[in-house]
Amino acid sequence: DDWTALLRRLSRARGLVEGDPELRRAIVGWHVEGPFLSPEPGYCGAHDPAKMCDPSPARMEELREAAGADPVLLTLAPERAGAVEAI
Numbered sequence: 013d014d015w016t017a018l019l020r021r022l023s024r025a026r027g028l029v030e031g032d033p034e035l036r037r038a039i040v041g042w043h044v045e046g047p048f049l050s051p052e053p054g055y056c057g058a059h060d061p062a063k064m065c066d067p068s069p070a071r072m073e074e075l076r077e078a079a080g081a082d083p084v085l086l087t088l089a090p091e092r093a094g095a096v097e098a099i
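At position 70 of the sequence shown the residue is numbered 82 (this note's numbering), and the sequence of numbers has no breaks.
Shown next as structure tokens:
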């Protein structure tokens with residue numbers, strides 16, 4: 013998905029989990045595998061290379077807002093422009 017769709021879906025999933033005590037016990041955080049992977053062939057797995065993008069502090073803030081206080085595991089290619097600043 014594009015970045016906006018990813019944020020929208022994460023926010024919706026978080027809302028569903030927050031509204032269900034059983035889900036809340038089962039889902040304690042989120043793993044966001046893309047879109048900060050390398051677009052090079054073989055390095056973005058099953059993800060569409062055209063949807064890969066560079067990380068930035070602003071994008072990290074957007075991700076944090078969508079995830080709320082939940083833990084986030086983020087897979088990020090360190091060679092991407094902006095990776096160090098985003099971390």
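C-beta: ideal position from N, C-alpha, C; glycine also. All values derive from a computational prediction rather than experimental measurement.
Collapsing the DSSP output to three states places Leu19 in a helix. Annotation for Val96: Pro90 place their beta carbon closer than 8 Å to its own, counting only its chain and skipping 5 residues before and after. Inter-residue distance for Ala25 and Leu85 is about 15 Å (C-alpha atoms, whole angstroms). Within the region 20 to 90, the complete alpha helix (DSSP H) runs of at least 4 residues fall at 33 to 38, 69 to 79. Shown here, Ala93 sits in coil according to DSSP, grouped into three states, outside any helix or strand.
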